[in-house]
Amino acid sequence: SAVISQKPSRDICQRGTSLTIQCQVDSQVTMMFWYRQQPGQSLTLIATANQGSEATYESGFVIDKFPISRPNLTFSTLTVSNMSPEDSSIYLCSVGEEYGYTFGSGTRLTVV
Amino acid sequence: EDKVVQSPLSLVVHEGDTVTLNCSYEVTNFRSLLWYKQEKKAPTFLFMLTSSGIEKKSGRLSSILDKKELFSILNITATQTGDSAIYLCAVERFGNEKLTFGTGTRLTIIP
Chain A
1 SAVISQKPSR
11 DICQRGTSLT
21 IQCQVDSQVT
31 MMFWYRQQPG
41 QSLTLIATAN
51 QGSEATYESG
61 FVIDKFPISR
71 PNLTFSTLTV
81 SNMSPEDSSI
91 YLCSVGEEYG
101 YTFGSGTRLT
111 VV
Chain B
113 EDKVVQSPLS
123 LVVHEGDTVT
133 LNCSYEVTNF
143 RSLLWYKQEK
153 KAPTFLFMLT
163 SSGIEKKSGR
173 LSSILDKKEL
183 FSILNITATQ
193 TGDSAIYLCA
203 VERFGNEKLT
213 FGTGTRLTII
223 P
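Those sequence lines, one after another, are chains A and B. Just so we're aligned: 91 in this note's numbering is position 91 of the first sequence, and the numbers increase by one with no gaps anywhere. For this note's numbering, add 112 to where a residue sits in the second sequence, where the first one is 1.
Below is the structure:
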């Protein structure tokens, strides 16, 4: 299965600042997915990122708050902009494969 | 809107016990149901089920899907402390490569 390197593993950020999370996949993939897991909650899809086109955002998520880049078939970034304490969550990238979906190691974000 | 409901929300058992975790779903154009284990941050893949009535097995873990009644179960036999985790169920629909997750079952194994 694909191996996904996700950075940073964790960060503590001041409110009002932005953080960019990176995911590098060891193989070429068409779509990459970004999820958020708020404390005590399950995973919620933020957006789907295709190479060469704008990301598709789920209801409740907007590009200004969560801009995504997908410059090639092995890499993507998610930025959490103008952060507030409500953005404190685990952020995960994921890719689909024939026998399931693989997740990156996750980024634990705390906004103070 | 796709819906996935897991039960129980949490479960505490003693080492060596057998547990059954439940997942019911409502989804249009169902393609597959997936089980994941989440210990820290990243969910790790356990099973992908697409056909009804066929059990998937890996060591002490097994899972089965009932497409008529729209549910799946995950069984863990002879539980060990390393099985302590959150177990997540997710569904995928045809033509839409994204997962809808349930809220998870938090399993705690007491030595």
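Even glycine gets a Cβ: it sits at the ideal position worked out from N, Cα and C. Quantities reported herein were computed from a predicted structural model and do not represent experimental measurements.
Would you mind telling me which residues of chain B sit closer than 7 Å to residue i, beta carbon to beta carbon, in chain order?
{"i": "A/Met31", "result": "Glu209"}
{"i": "A/Gly96", "result": "Glu209"}
{"i": "A/Asp103", "result": "The sequence shown places Phe at residue 103 of chain A, rather than the Asp named in the question. Result: Ala154 and Pro155."}
{"i": "A/Gly106", "result": "Lys153 and Ala154"}
Could you work out which residues of chain B lie near residue i, taking near to mean beta carbons separated by less than 9 Å?
{"i": "A/Tyr99", "result": "Phe157 and Met160"}
{"i": "A/Ile12", "result": "Correct list: empty, because the minimum Cβ distance to chain B is about 15 Å."}
{"i": "A/Thr48", "result": "Glu209 and Lys210"}
{"i": "A/Leu92", "result": "Lys153, Ala154 and Pro155"}
{"i": "A/Leu45", "result": "Lys210, Leu211, Thr212 and Phe213"}
Against residue i, what residues of chain A qualify as contacts under a CB-to-CB distance less than 8 Å, listed in chain order?
{"i": "B/Thr215", "result": "Gln41 and Ser42"}
Can you pull the DSSP bridge partners for residue i?
{"i": "A/Glu97", "result": "A/Gly100"}
{"i": "A/Ala49", "result": "A/Met32"}
{"i": "B/Lys169", "result": "B/Ser174"}
{"i": "B/Ala197", "result": "B/Leu219"}
{"i": "A/Gln37", "result": "A/Leu43 and A/Ile90"}
{"i": "B/Asn134", "result": "B/Ser119 and B/Ile185"}
{"i": "B/Lys149", "result": "B/Thr156 and B/Tyr199"}
{"i": "B/Lys179", "result": "B/Lys179 pairs with nothing; no bridge assigned."}
{"i": "B/Val124", "result": "B/Thr220"}
Could you tell me if the beta carbon of residue i falls within a distance shorter than 6 Å of some heavy atom in the ligand SAH?
{"i": "A/Pro67", "result": "With respect to the ligand SAH, the structure offers nothing, as it holds no ligand at all."}
Using a Cβ cut-off of 7 Å (strictly closer), state whether residue i contacts chain D.
{"i": "B/Leu173", "result": "The structure shown contains no chain D; its protein chains are A and B."}
| message | I want to know whether the segment 44-52 of chain A touches the segment 130-137 of chain B - three or more CB-CB distances under 8 Å. | response | no
| request: Please list the residues of the segment 142-161 of chain B that have a C-beta atom closer than 7 Å to any C-beta atom in chain A, keeping them in chain order. | output: Interface annotation for the segment 142-161 of chain B against chain A: Leu146, Lys153, Ala154, Pro155, Phe157 and Met160, criterion Cβ-Cβ distance under 7 Å.
| message | Output needed in chain order: residues of the segment 186-213 of chain B with a Cβ under 7 Å from some Cβ in chain A. | response | Leu200, Glu209, Lys210, Leu211 and Phe213
| query | Counting pairs of beta carbons, one from the segment 69-77 of chain A and one from the segment 23-43 of chain A, are three or more of them closer than 8 Å? | reply | yes
| message | To test your reading of the DSSP string, which unbroken beta strand (DSSP E) runs of 3 or more residues are found completely within the segment 62-95 of chain A? | response | 68-72 and 75-80
| query | Should the segment 12-31 of chain A be called in touch with the segment 118-126 of chain B, which here means at least 3 C-beta pairs below 8 Å? | reply | no
| task | Say whether the segment 136-144 of chain B touches the segment 202-210 of chain B, bearing in mind that this needs 3 or more beta-carbon pairs closer than 8 Å, one atom from each stretch. | result | Segments in contact, yes.
| With contact counted as at least three CB pairs below 8 Å, one residue from each stretch, are the segment 102-111 of chain A and the segment 3-13 of chain A in contact? | With a cut-off of 8 Å, the segment 3-13 of chain A and the segment 102-111 of chain A count as touching, because enough Cβ pairs lie within range.
| Any chance the segment 210-220 of chain B sits against the segment 191-201 of chain B, with 3 or more Cβ pairs inside 8 Å? | yes
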